[in-house]
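> Residue numbers (our numbering): 45 to 275.
Beta carbons are placed, not taken as given, at the ideal position from N, Cα and C, and that holds for glycine.
Bear in mind the structure is a predicted one, so any value in this text is a computation, not a measurement.
Below, the structure written as structure tokens:
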């Protein structure tokens with residue numbers, strides 16, 4: 045019955061039916077806090093009959109068994125039973141503060157990283173790079189340094205404080221690059237971007253509130269200037 049109601053809502057949406065009901069969303073914690081939560085608020089402001097619950101977690105959420113309508117995920121999609129919609133793409137860069145680079149020099153090659161203070165996530169397998177001479181070749185480089193943490197936000201703060209180099213996603217450091225708080229290095233070695241996806245448990249009978257939310261994400265994440273705008 046619920047599926048039939050959702051299908052009817054979606055089928056007549058173009059005829060002026062307003063989105064309604066409760067929307068359950070899950071997203072990675074740091075990314076969701078900065079780039080999903082504001083858009084959930086925007087969705088609800090435009091659709092007052094919609095309510096939402098946002099679960100921010102870095103664990104692998106089971107959409108079907110836990111009752112979620114949509115998940116935002118970064119990287120390759122592993123569960124082929126789910127339906128993924130590509131929203132945009134994300135780059136990863138090596139960044140540092142101007143002060144750090146003035147004290148320790150600018151790395152010009154991957155070999156130079158051995159002489160730098162690299163800020164790493166605990167249990168991280170390494171930093172990924174793409175060989176500019178052979179773009180199809182990806183390199184995984186194990187780095188080391190005096191500081192590591194299991195929280196990416198802490199690594200970001202350490203980089204801003206001039207404590208070392210960090211390998212971070214553009215969604216996190218875009219504003220810092222724009223305003224000069226951080227500088228990217230080794231750009232020619234940057235790995236290919238990874239996809240940002242909205243994942244739903246089924247393709248048919250997608251409620252209007254879910255479709256509107258996915259459209260809102262795609263509209264924003266697909267803009268080239270979105271990731272480095274001042275917030």
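#1: Give the DSSP bridge partners of residue 227, in chain order.
#2: Keeping to the same chain, check which residues put their C-beta closer than 6 Å to that of residue 268; ignore five residues upstream and five downstream.
#3: For residue 133, which beta-bridge partners are listed by DSSP?
#4: Which partner residues of residue 66 appear in the DSSP bridge assignment?
#5: Return the CA-CA distance between residue 200 and residue 61, expressed in angstroms with no decimal places.
#6: Starting from residue 194, trace the alpha helix (DSSP H) in both directions and tell me its first and last residue.
#7: When you compare the stretch 196 to 216 with the stretch 146 to 161, are there three or more beta-carbon pairs, one atom per stretch, that lie closer than 8 Å?
#8: Mapping DSSP to helix, strand and coil, what is residue 187?
#9: Need the endpoints of the beta strand (DSSP E) that residue 171 sits in, please.
#10: Less than 8 Å between the C-beta atoms of residue 173 and residue 165, yes or no?
#11: Near residue 232, what residues of its chain come up, given a Cβ to Cβ distance below 6 Å and the 5 sequence neighbours on each side ignored?
#12: Just to confirm, does residue 194 get its C-beta within under 7 Å of one of the non-hydrogen atoms of the ligand NAD?
#13: Buried or exposed: which applies to residue 141, given that a residue is buried once 16 or more other Cβ atoms fall within 10 Å of its Cβ?
#14: Does the separation of the CB atoms of residue 80 and residue 98 fall below 8 Å?
#15: What is the C-beta distance between residue 277 and residue 204, in whole angstroms, given that I count them as a contact (C-beta under 8 Å)?
#16: Quick check on residue 156: does DSSP put it in helix, strand or coil?
#17: Tell whether a beta-carbon distance below 8 Å holds between residue 128 and residue 241.
#18: Return the chain-ordered list of same chain residues with a C-beta closer than 6 Å to the C-beta of residue 65, the five sequence neighbours on each side being excluded.
#19: Is residue 154 near residue 185, with beta carbons less than 8 Å apart?
#20: The beta strand (DSSP E) that contains residue 211, what's its start and end?
#21: Would you mind giving the Cβ-Cβ distance between residue 93 and residue 63, rounded to the nearest angstrom? I have them listed as a contact below 8 Å.
#22: Measure how close the beta-carbons of residue 113 and residue 69 come, nearest whole angstrom, since I'm counting them as under 8 Å.
#23: For residue 91, collect the residues of the same chain with a Cβ closer than 6 Å to its Cβ; drop the 5 residues on either side in sequence, then sort them by chain order.
Looking at the atomic coordinates:
#1: 140
#2: The answer is none, since no qualifying residue turns up.
#3: 239
#4: 95
#5: Residue 200 and residue 61 have their alpha carbons spaced roughly 44 Å apart.
#6: Residue 194 -> no alpha helix (DSSP H), and no H or E assigned at all.
#7: yes
#8: coil
#9: Counting along the chain, the beta strand (DSSP E) containing residue 171 begins and ends at 171 to 174.
#10: In this structure, residue 165 does not lie closer than 8 Å to residue 173 by Cβ.
#11: Taken in chain order, the residues that qualify are 176.
#12: The ligand NAD is absent from the structure shown, which contains no ligand whatsoever.
#13: buried
#14: yes
#15: Because the chain here runs from 45 to 275, residue 277 falls outside it and cannot be looked at.
#16: helix
#17: yes
#18: Only 253 meet the Cβ criterion.
#19: yes
#20: 209 to 213
#21: 7 Å
#22: 7 Å
#23: 63
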